[in-house]
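Engineer:
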Amino acid sequence: MAAYDGVFDGLGLRDWCDVGKEDAPMSMAQLLAQSGGGGAVAEEGGLPFPSLDVLHEACGRIGQTRDLTAGIERGFLSIRSELKFVLDPITQPLSWMLDGTLWVFQSAPWWVMIPALLLITWLVSRSKSVTAFVALVLLFFGFIDHYEVAMQTLAIVFVCTGLSVLLGVPIGIGMSKSDTAQRTIVPILDLLQTLPTFVYLIPLIFLFSVTESKLYGIAIILYAIVPVIRLTDLGIRLVDKDVIEAANAFGLTAWQKLSRVELPLALPNIMAGVNQTIMMSLAMVVIASLVSAPGLGVLVLRGIRNLELGVGIVAGLGIVLLAVILDRVSKAALARVDTGRKER
Amino acid sequence: MTAKVSLRGLYKIFGPDDTAMVPHVQAGMDKTTLLEKHKHVLGLRDINVDMQPGEITVIMGLSGSGKSTLIRHLNRLIDPSAGEILVDGQDVMKMGQAALRDLRQKQMSMVFQKFALLPHKTVLENAQLPLSVQGADKATCDAEGRKWLARVGLEGFEDRYPAQLSGGMQQRVGIARALTANTDIMLMDEAFSALDPLIRTDMQNLLLELQKELHKTIVFITHDLDEALKLADHLVILKDGAVVQQGEPQGILLAPSDPYIEDFVSDINRARVLRVRSVMGPVSDESFDGEVDASRNLEDMIALTGGDTNHIYRVTDGGEVVGQLDMKDLVKALVPRPATGLDR
Numbered sequence: 135m136a137a138y139d140g141v142f143d144g145l146g147l148r149d150w151c152d153v154g155k156e157d158a159p160m161s162m163a164q165l166l167a168q169s170g171g172g173g174a175v176a177e178e179g180g181l182p183f184p185s186l187d188v189l190h191e192a193c194g195r196i197g198q199t200r201d202l203t204a205g206i207e208r209g210f211l212s213i214r215s216e217l218k219f220v221l222d223p224i225t226q227p228l229s230w231m232l233d234g235t236l237w238v239f240q241s242a243p244w245w246v247m248i249p250a251l252l253l254i255t256w257l258v259s260r261s262k263s264v265t266a267f268v269a270l271v272l273l274f275f276g277f278i279d280h281y282e283v284a285m286q287t288l289a290i291v292f293v294c295t296g297l298s299v300l301l302g303v304p305i306g307i308g309m310s311k312s313d314t315a316q317r318t319i320v321p322i323l324d325l326l327q328t329l330p331t332f333v334y335l336i337p338l339i340f341l342f343s344v345t346e347s348k349l350y351g352i353a354i355i356l357y358a359i360v361p362v363i364r365l366t367d368l369g370i371r372l373v374d375k376d377v378i379e380a381a382n383a384f385g386l387t388a389w390q391k392l393s394r395v396e397l398p399l400a401l402p403n404i405m406a407g408v409n410q411t412i413m414m415s416l417a418m419v420v421i422a423s424l425v426s427a428p429g430l431g432v433l434v435l436r437g438i439r440n441l442e443l444g445v446g447i448v449a450g451l452g453i454v455l456l457a458v459i460l461d462r463v464s465k466a467a468l469a470r471v472d473t474g475r476k477e478r
Numbered sequence: 004m005t006a007k008v009s010l011r012g013l014y015k016i017f018g019p020d021d022t023a024m025v026p027h028v029q030a031g032m033d034k035t036t037l038l039e040k041h042k043h044v045l046g047l048r049d050i051n052v053d054m055q056p057g058e059i060t061v062i063m064g065l066s067g068s069g070k071s072t073l074i075r076h077l078n079r080l081i082d083p084s085a086g087e088i089l090v091d092g093q094d095v096m097k098m099g100q101a102a103l104r105d106l107r108q109k110q111m112s113m114v115f116q117k118f119a120l121l122p123h124k125t126v127l128e129n130a131q132l133p134l135s136v137q138g139a140d141k142a143t144c145d146a147e148g149r150k151w152l153a154r155v156g157l158e159g160f161e162d163r164y165p166a167q168l169s170g171g172m173q174q175r176v177g178i179a180r181a182l183t184a185n186t187d188i189m190l191m192d193e194a195f196s197a198l199d200p201l202i203r204t205d206m207q208n209l210l211l212e213l214q215k216e217l218h219k220t221i222v223f224i225t226h227d228l229d230e231a232l233k234l235a236d237h238l239v240i241l242k243d244g245a246v247v248q249q250g251e252p253q254g255i256l257l258a259p260s261d262p263y264i265e266d267f268v269s270d271i272n273r274a275r276v277l278r279v280r281s282v283m284g285p286v287s288d289e290s291f292d293g294e295v296d297a298s299r300n301l302e303d304m305i306a307l308t309g310g311d312t313n314h315i316y317r318v319t320d321g322g323e324v325v326g327q328l329d330m331k332d333l334v335k336a337l338v339p340r341p342a343t344g345l346d347r
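Chains A and B, in that order, give the protein sequences. The opening residue of the first sequence carries number 135 in the working numbering; numbering runs sequentially from there. The opening residue of the second sequence carries number 4 in the working numbering; numbering runs sequentially from there.
Here it is as structure tokens:
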């Protein structure tokens with residue numbers, strides 16, 4: 135006797151409920167009740183919450199909670215081949231880019247790679263102290279034999295951040311131009327930012343083979359693209375209304391307004407977004423190593439799996455060091471943009 | 004003389020369904036009733052103004068009187084709810100995007116209260132903006148920008164950034180920018196209101212000096228009556244979105260049509276604003292104490308006579324005798340008069 139039998143009897147739904155009752159799969163509770171003689175639980179507990187499982191006991195036609203999760207799985211699997219057909223070719227270049235960049239970063243000898251990276255640092259930051267600090271960190275990685283993994287991580291961060299900016303800035307511009315676009319995109323960004331990162335690895339694993347680099351590439355980009363979109367949108371919306379009015383009054387076209395007024399004035403905000411994007415893709419690199427991303431994350435994972443304390447901690451601190459140099463360099467670039475316009 | 008810019012029956016109502024509200028306002032509904040009954044805000048009511056070529060038309064009113072809204076209709080930064088805007092006889096309301104942009108680039112330039120310069124561009128780049136927008140080559144842009152910057156007294160500041168200049172200098176850049184556009188019409192929205200009094204006087208003199216040379220059609224918005232009287236060839240006084248009185252400024256001063264204007268004019272230094280021309284009478288005497296020019300102000304006259312009211316002067320304009328000035332009439336004119344048609 136289930137708790138809600140009376141309700142269905144009272145509503146005259148008994149016949150409808152009992153159709154095909156014999157075939158209904160057994161719930162976990164029923165199984166337990168049968169085997170352990172725990173049938174008294176329902177009676178002792180008084181009125182159980184009318185959840186799907188409890189209602190199912192009273193009426194076989196109502197699905198169980200496991201049908202919900204199974205339904206989602208079946209639904210996803212049924213469109214899987216179509217999704218794969220569309221997404222596979224679109225995302226293929228990502229695999230090539232990741233593999234290519236990884237190859238370059240790994241195959242270039244250290245005495246080419248380190249000066250090249252330092253040159254980039256200098257060009258972006260124009261700061262001697264930042265460049266010296268980056269040099270120190272890179273040499274330290276080499277010294278403790280983590281140079282190769284650090285380069286792998288750096289390669290992944292470069293590609294994913296680059297693509298995030300390339301895709302995120304236009305999306306942010308679109309959002310700033312249309313309130314409807316903003317209203318639709320903001321919830322998606324909220325979802326991407328709050329959904330536990332492991333959760334969107336799950337459908338990706340179904341779609342692509344785990345050995346493909348685009349699998350972790352997509353996961354990192356989805357996670358890291360959010361701040362650059364948000365801050366581009368914000369930056370353009372924050373541009374002084376008087377200046378925009380002046381631009382209109384002098385007859386600037388939409389493109390001239392964007393390229394000469396809005397983007398330059400929003401640049402500090404966009405750069406802050408890029409800085410956040412770099413940090414977030416670095417954070418995601420560890421999780422991505424679950425799905426075959428190479429780099430420092432693999433060592434962290436090994437530390438957890440095999441309880442190799444030292445390996446895990448050194449790799450973890452290595453990620454912190456990478457984060458610090460990327461942050462310093464991008465902040466120095468941001469500061470350069472900022473002061474360039476105020477007073478020099 | 005045909006008007007350069009004409010406004011015909013211009014109405015502006017703010018709200019989601021503004022055109023539907025126009026009949027209510029035309030039927031005489033006032034601002035508060037419209038707001039209470041229909042949740043729409045009355046911006047402008049039945050504006051009819053002709054702006055003559057080569058003249059400075061000053062539109063004056065207190066904050067909230069709709070003057071800034073009005074000037075933004077001329078280049079359609081704001082679209083009216085009803086009415087016509089004619090520039091050189093062409094209806095601005097019938098223009099498409101391209102024609103409107105052309106109008107803004109080539110026929111009207113604008114100077115803003117808060118300067119609205121591009122903070123990331125140098126003074127020179129700011130000044131040449133209107134030309135570079137039109138796609139002029141760099142040499143022309145440079146030459147024109149430098150020429151007008153020099154004309155407003157900013158030679159040597161071309162490579163500075165706006166933030167490095169004082170308010171008065173920034174507004175000079177704003178004026179240079181408007182002049183570089185080489186348009187017949189210049190719109191000045193409270194252009195000097197943000198400046199301190201001494202610099203404001205400087206800028207007014209600069210504008211009058213430029214106007215003597217360039218003969219532009221200037222529409223000038225201000226809330227300052229002294230400024231309005233100093234600059235205006237044609238004065239339009241706005242109150243609650245409607246024109247209360249318009250005409251030659253001396254005429255308005257001597258014959259205010261409304262207690263509102265009377266209040267306004269009672270506070271100003273009449274001796275400095277009124278000119279001999281406005282208070283002189285027809286020639287009736289034979290002997291005179293001297294000869295004075297019609298454009299001298301009354302303050303000058305009082306200084307000339309040392310306060311003696313028994314003098315009578317012959318008034319000349321360009322060598323021709325146009326009337327006589329009895330100092331007793333002059334003293335009477337200094338007392339504010341009640342609005343015509345009203346008993347006090």
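Note that CB positions come from ideal geometry on N, CA and C, so glycine has one too. Quantities reported herein were computed from a predicted structural model and do not represent experimental measurements.
Work out the CA separation of V239(B) and I264(B) for me, nearest whole Å.
Structural biologist: 11 Å
Engineer: Please specify which runs of the beta strand (DSSP E), each continuous and at least 3 residues long, are wholly inside the region 267-321 of chain B, giving them in chain order.
Structural biologist: 294-296, 315-320
Engineer: Got a sec? Which residues, its chain only, sit under 8 Å from Y281(A) by beta carbon, not counting five neighbours each side?
Structural biologist: W244, L272, F275
Engineer: Can the beta-carbon of A166(B) be found less than 8 Å from the beta-carbon of V114(B)?
Structural biologist: no
Engineer: Using 10 angstroms around the beta-carbon of S312(A), count the other beta-carbons present and answer buried if the total reaches 16, otherwise exposed.
Structural biologist: exposed
Engineer: List in chain order: all unbroken alpha helix (DSSP H) runs of 4+ residues lying wholly within the region 329-398 of chain A.
Structural biologist: As summarised for the region 329-398 of chain A, the continuous alpha helix (DSSP H) elements at least 4 residues long and confined to that stretch are 331-341, 347-371, 375-383, given in chain order.
Engineer: Please list, in chain order, the chain A residues whose beta carbon lies closer than 7 Å to that of L80(B).
Structural biologist: E379, N382, A383
Engineer: With a floor of 4 residues, list each alpha helix (DSSP H) that falls wholly inside the region 225-308 of chain A, ordered by position along the chain.
Structural biologist: 244-259, 262-277
Engineer: At a CB-CB cut-off below 8 Å, which residues of chain A make contact with Q108(B)?
Structural biologist: F384, G385
Engineer: Mind pulling the beta strand (DSSP E) runs of 3 or more residues that sit fully within the region 86-150 of chain B?
Structural biologist: 111-114
Engineer: Going along chain B, which residues have a C-beta under 7 Å from P398(A)?
Structural biologist: H123
Engineer: Can you look up L456(A) in the DSSP assignment and give me helix, strand or coil?
Structural biologist: helix
Engineer: Going by beta-carbon coordinates alone, are V463(A) and T255(A) separated by less than 8 Å?
Structural biologist: yes
Engineer: For K465(A), which of helix, strand or coil comes out of DSSP?
Structural biologist: In the three-state reduction of the DSSP assignment, K465(A) falls in the helix class, which pools H, G and I.
Engineer: Taking Cβ positions only, does D139(A) come closer than 8 Å to chain B?
Structural biologist: no
Engineer: Hey, how far is the Cα of P390(B) from the Cα of L234(B)?
Structural biologist: The structure shown does not extend to residue 390(B), since chain B spans only 4 to 347, so no value can be given for it.
Engineer: With a threshold of 8 Å on Cβ separation, who are the neighbours of D320(B) within its own chain once the five nearest residues in sequence on each side are excluded?
Structural biologist: R280, D296, A297, S298, listed in sequence order.
Engineer: Which residues in chain B sit within 8 Å of V395(A), going by Cβ to Cβ distance?
Structural biologist: L121
Engineer: What does the alpha-carbon distance come out to for the pair V471(A) and I438(A)?
Structural biologist: 41 Å
Engineer: Tell me which same chain residues have a C-beta within less than 7 Å of the C-beta of Q110(B), skipping the five on either side of it?
Structural biologist: If we look at Q110(B) and ignore the five residues flanking it on each side, its Cβ neighbours are V90, T186, D187, I188.
Engineer: Would a check of beta-carbon distances place V136(B) closer than 8 Å to chain A?
Structural biologist: It does; some Cβ of chain A falls within 8 Å.
Engineer: Quick one: grab the DSSP three-state call for K218(A).
Structural biologist: DSSP places K218(A) in helix when its eight states are reduced to three.
Engineer: Since K15(B) is in the beta strand (DSSP E), which residue starts that stretch and which ends it?
Structural biologist: 8-17
Engineer: For K70(B) and chain A, any beta-carbon pair shorter than 8 Å?
Structural biologist: no
Engineer: Count the other CB atoms, across all protein chains shown, that sit within 10 Å of the CB of L468(A); report buried if there are 16 or more and exposed otherwise.
Structural biologist: Buried, since its Cβ has 16 or more Cβ neighbours within 10 Å.
Engineer: Alpha helix (DSSP H) containing G255(B): first to last residue?
Structural biologist: According to the sequence as given, residue 255(B) is Ile; it is not Gly. Unbroken alpha helix (DSSP H) run through I255(B): 252-257.
Engineer: Does F142(A) come out as helix, strand or coil in the three-state DSSP assignment?
Structural biologist: If DSSP states are grouped into helix, strand and coil, F142(A) belongs with the helices.
Engineer: Applying the criterion that 16 or more other CB atoms from any shown protein chain within 10 Å of the CB defines a buried residue, is I224(A) buried or exposed?
Structural biologist: Residue environment: I224(A) is assigned as exposed (fewer than 16 neighbouring CB atoms within 10 Å of its CB, all protein chains considered).
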